[in-house]
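Each residue of the sequence shown is one higher than the one before, starting from 1054 at the first, in our numbering.
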Amino acid sequence: MLAKILTPSVRKVLGQKGNLLDIAIRQNVIDNVKKLSLSSTILSEAVEQKKLMIVGGVYKLASGKVELVKGVSAATKIDHFMSTTTK
1054 MLAKILTPSV RKVLGQKGNL LDIAIRQNVI DNVKKLSLSS TILSEAVEQK
1104 KLMIVGGVYK LASGKVELVK GVSAATKIDH FMSTTTK
């Protein structure tokens, strides 16, 4: 089941240079931010009206930190904040 859900993100990045696992994880975050922002009228309108911001991140087990994925948000003008790391 999980493999079926992740397959579209993995297929998008096959052939890219670098760590395929890291690239696929990032792509999955991108895909899910987009999917979530379009999943309901309430969410998409709130994002459009800048009342809600949906951002993507990756939880790092080793450090316990969430690394926000740069450039991934369902709102504009916030992408420059996405390179920060929060605990």
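Glycine is no exception: its CB is placed at the ideal position from the N, C-alpha and C atoms.
Asked: If you drop the 5 nearest sequence neighbours on each side, which residues of the same chain put their C-beta closer than 6 Å to that of Gly-1109?; Found: Val-1082, Val-1086, Val-1122, Val-1125
Asked: If you count every other CB in all the chains shown that lies within 10 Å of the CB of Arg-1079, and 16 or more means buried, which is it?; Found: buried
Asked: What first and last residue would you give for the beta strand (DSSP E) that runs through Ser-1126?; Found: 1118-1126
Asked: Any idea what DSSP makes of Met-1054, helix, strand or coil?; Found: coil
Asked: Over the uninterrupted alpha helix (DSSP H) stretch that includes Lys-1070, give me the two end residues.; Found: Premise fails: Lys-1070 is in no alpha helix (DSSP H) and is neither H nor E.
Asked: Are there 16 or more other CB atoms within 10 angstroms of the CB of Ala-1077, so buried, or fewer, so exposed?; Found: buried
Asked: Tell me whether Asp-1132 sits in a helix, a strand or coil according to DSSP, three-state version.; Found: Confidence in Asp-1132 is poor, its pLDDT being 40 and thus under 50, which makes the residue's placement too unreliable to answer from.
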